[in-house]
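K.L.:
Under the working numbering, think of the first position of the sequence shown as 64, with each following residue one higher.
Take a look at this one; I'll ask things after.
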Amino acid sequence: MKFLDEAKIFLQSGAGGNGCVSFRREKFIEYGGPDGGDGGNGGNVVFRAVNNKNTLIDFRYKQHFKASRGKNGAGKKKKGASGTVLIIEVPCGTSVYTDDKSTKLLELNTEFEEFTFLKGGKGGFGNYKFKSSRNVAPKKSNPGEMGTEAWVRLRLNLIADVGIIGLPNAGKSSFLKSVTNANPKIANYPFTTLYPNLGVINYDNFSELVIADIPGIIKNANAGVGLGIKFLGHIEKCKFLLHFIDCSKKNILLNYKIIREELTKYGPKVSKKKEIIVLTKSDLMNKNMIKKNITKLEKKINNKVLSISINDINSIIVLKNLLLSEKNKNNKLASKKWSP
Ligand SMILES: Nc1nc2c(ncn2[C@@H]2O[C@H](COP(=O)(O)OP(=O)(O)OP(=O)(O)O)[C@@H](O)[C@H]2O)c(=O)[nH]1
Ligand SMILES: [Mg+2]
64 MKFLDEAKIF
74 LQSGAGGNGC
84 VSFRREKFIE
94 YGGPDGGDGG
104 NGGNVVFRAV
114 NNKNTLIDFR
124 YKQHFKASRG
134 KNGAGKKKKG
144 ASGTVLIIEV
154 PCGTSVYTDD
164 KSTKLLELNT
174 EFEEFTFLKG
184 GKGGFGNYKF
194 KSSRNVAPKK
204 SNPGEMGTEA
214 WVRLRLNLIA
224 DVGIIGLPNA
234 GKSSFLKSVT
244 NANPKIANYP
254 FTTLYPNLGV
264 INYDNFSELV
274 IADIPGIIKN
284 ANAGVGLGIK
294 FLGHIEKCKF
304 LLHFIDCSKK
314 NILLNYKIIR
324 EELTKYGPKV
334 SKKKEIIVLT
344 KSDLMNKNMI
354 KKNITKLEKK
364 INNKVLSISI
374 NDINSIIVLK
384 NLLLSEKNKN
394 NKLASKKWSP
């Protein structure tokens, strides 16, 4: 599936239906009076967040969305039918901006969250509404109100519990593939992953954890080198980060610092997040060397370091479980913050 995280679309709510001018005509009833019904209201345009979408790719093929108009009123005081509500489904994590991108209008983060973005035009009054003691046979009715329209920009920031960061070729997608049912492309060259991949880990106790694997970052990515750092936007909402470093490469500390520097340049929304540091491809080195490297790195960066290999299922399980306990810790902290 292709990935798209920005789109520009046109929205228009439905116009209201016109009121009707009509008079009651029935056998033996003289002067039946006005009975023109009101027009129906135009359809609203509503944004809805859904979980079964991970990209804005649908909006590449269709950019214009118009809600239907209300039906006109009719005789016998019949009100016209209202226009159907037009629901625009977007992935969770989508923000809506004005066309010039200067103002954020709304943000939809949780599944089935809805927001009525444009109200449909009101239906016009039929002539029976204009009946009064002075005018018992009005020939007047209202036209329906026009709908409203707007060009807006959508921007998606994926919502995942954990984001995997690291240099290209560090083994990020391999880990995602081994623990989730996602099927990212894996190959022995840099920038195999061009767009973020999402995967869900299902635990035995029915817990779930969503992981985002983003394209590799390299030195000066913030200046546009490689694929740049715009994909870091997709891990802004993660609870914590998983920082992968290929242990078979020469300068592990330097490689770690390169990524940290890019995160700092991107901003605190990402750089302040807690990270779990992992040396990958541990099967390519002997155990003693790995231990040495871990101790050295832990001293330098004053943080705990783990090692995994895609070929060592135990190491993968240990990391998988650590991710869940970290997520639960985060949830507890979050619920503490909100308690009255
Ligand atoms: N020996 C060994 N090779 C691994 C391991 N994990 C990944 N690889 C290999 O490393 C190469 C790169 O793996 P990817 O998972 O594509 O790396 P990535 O970090 O997603 O790379 P980009 O998408 O380019 O950023 C592939 O050839 C993998 O087979 C591991 O634990 N051991
Ligand atoms: Mg990859």
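Virtual Cβ for every residue (Gly too), placed ideally from N, Cα, C.
Does ligand 2 have a heavy atom nearer than 6 Å to the CB of I392?
P.N.:
According to the sequence shown, residue 392 is Lys rather than Ile. No, ligand 2 has no heavy atom inside 6 Å of this Cβ.
K.L.:
Please confirm if the segment 187-197 is in contact with the segment 231-240, defined as three or more CB-CB distances below 8 Å between the two stretches.
P.N.:
Because the criterion of three Cβ pairs below 8 Å is not met, the segment 187-197 and the segment 231-240 do not touch.
K.L.:
Among V341, A112, N81, K139, which residue has its Cα nearest to the Cα of P97?
P.N.:
Answer by Cα proximity: K139.
K.L.:
So for Y258, helix, strand or coil by DSSP?
P.N.:
Here Y258 sits in coil by DSSP.
K.L.:
I'd like the ranges of any beta strand (DSSP E) spanning at least 3 consecutive residues and lying wholly in the segment 257-313.
P.N.:
Runs of the beta strand (DSSP E) inside the segment 257-313: 260-265, 271-276, 303-309.
K.L.:
Could you tell me the alpha carbon to alpha carbon distance between I298 and F128, rounded to whole angstroms?
P.N.:
Cα-Cα distance, rounded: 30 Å.
K.L.:
Helix, strand or coil for K167, going by three-state DSSP, please let me know.
P.N.:
In the structure shown, K167 sits in a strand (DSSP, three-state: E or B).
K.L.:
So what does DSSP say about I340, is it helix, strand or coil?
P.N.:
If DSSP states are grouped into helix, strand and coil, I340 belongs with the strands.
K.L.:
Put S85 into one of helix, strand or coil per three-state DSSP.
P.N.:
S85 falls in the coil class under three-state DSSP.
K.L.:
Express the C-alpha separation of P247 and G156 in angstroms, rounding to a whole number.
P.N.:
Distance between the alpha carbons of G156 and P247: 21 Å.
K.L.:
Cβ-heavy atom distance between I249 and ligand 1 below 6 Å?
P.N.:
Yes; taking the cut-off as 6 Å, the Cβ of I249 has a heavy atom of ligand 1 nearer than that.
K.L.:
On the DSSP letters alone, give me the boundaries of the alpha helix (DSSP H) that L221 sits inside.
P.N.:
L221 -> no alpha helix (DSSP H), and no H or E assigned at all.
K.L.:
Quick check: the segment 80-87 against the segment 277-284, are there 3 or more CB pairs under 8 Å?
P.N.:
Touching, no, given that fewer than three Cβ pairs across the two stretches are closer than 8 Å.
K.L.:
Under 8 Å by Cβ, that's how I've got G136 and G183 pegged, so tell me the actual separation to the nearest angstrom.
P.N.:
G136 to G183, Cβ: 15 Å. No contact.
K.L.:
Counting only the same chain and skipping the five closest in sequence on each side, list residues whose C-beta sits under 6 Å from that of L305.
P.N.:
Closer than 6 Å at Cβ, skipping near neighbours: V225, I227, I339.
K.L.:
Do T358 and ligand 2 come close, with the Cβ less than 6 Å from some heavy atom?
P.N.:
No; taking the cut-off as 6 Å, the Cβ of T358 has no heavy atom of ligand 2 nearer than that.
K.L.:
Alpha carbon to alpha carbon, what distance is there between T255 and T179?
P.N.:
Taking the straight line joining both Cα atoms gives about 40 Å.
K.L.:
Using the Cβ count rule (16 or more neighbours within 10 Å means buried), how would you classify L221?
P.N.:
By the neighbour-count rule (16 or more Cβ atoms within 10 Å), L221 is buried.
K.L.:
Answer yes or no: the CB of K363 versus the heavy atoms of ligand 2, is any distance below 6 Å?
P.N.:
No; taking the cut-off as 6 Å, the Cβ of K363 has no heavy atom of ligand 2 nearer than that.
K.L.:
Suppose only complete runs of 3+ residues qualify. What are the beta strand (DSSP E) ranges in the segment 138-165, listed by chain order?
P.N.:
Entirely contained in the segment 138-165, the beta strand (DSSP E) runs reaching 3 residues are, in chain order, 149-154, 157-161.
K.L.:
If we call anything under 7 Å between Cβ atoms a contact, is Q75 one with E174?
P.N.:
For Q75 and E174, no; Cβs fall outside 7 Å.
K.L.:
Can the beta-carbon of K344 be found closer than 7 Å to that of C301?
P.N.:
It is not a contact, given that the beta carbons lie outside the stated cut-off.
K.L.:
Leaving aside the five residues before and after N366 along the sequence, list all residues of the same chain whose C-beta is less than 8 Å from its C-beta, in chain order.
P.N.:
Closer than 8 Å at Cβ, skipping near neighbours: E338, I340.
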